[in-house]
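Colleague:
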Amino acid sequence: MNFRTCFRHCASDVGRCNMTQHRINTGDYPNQAIPKTFASCRKEEADHLVKEMVDNGIIEESSGPWPPTVLVKKKDGSTRFCVH
């Protein structure tokens with residue numbers, strides 16, 4: 001297959017382009033940021049997902065006054081990590 005590298009093979013294998021770097025300017029502060037906490041089991045799951053994405057070069061660590069993350073169960077039972 002000529003375009004094998006264009007398709008995802010596993011959950012951590014997402015499409016990415018490393019030919020250029022960019023930043024998304026989101027402004028100075030969010031409109032609203034309400035602190036939320038996870039139950040301990042969900043916190044462990046969120047930590048695992050963040051570590052996996054950092055290790056795979058999908059995201060990088062940062063801190064700021066942005067809204068919390070949300071974990072959403074998908075139909076297949078896996079978890080989607082979202083920033084609300």
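Under UniProt numbering, the residue at position 20 of the sequence shown is numbered 20, and the numbers go up by one with no gaps.
Glycine residues also receive a C-beta, built at the ideal position from the N, C-alpha and C atoms.
Predicted model, so just to flag it, every value in this text is computed and none were measured.
1) So what does DSSP say about R80, is it helix, strand or coil?
2) Determine which residues share a DSSP beta bridge with V70 and list them.
3) Nearest by alpha-carbon distance to residue 107: which of F38, V72, F81, S63 is it?
Modeller: Working from what's here:
1) strand
2) C82
3) Because the chain here runs from 1 to 84, residue 107 falls outside it and cannot be looked at.
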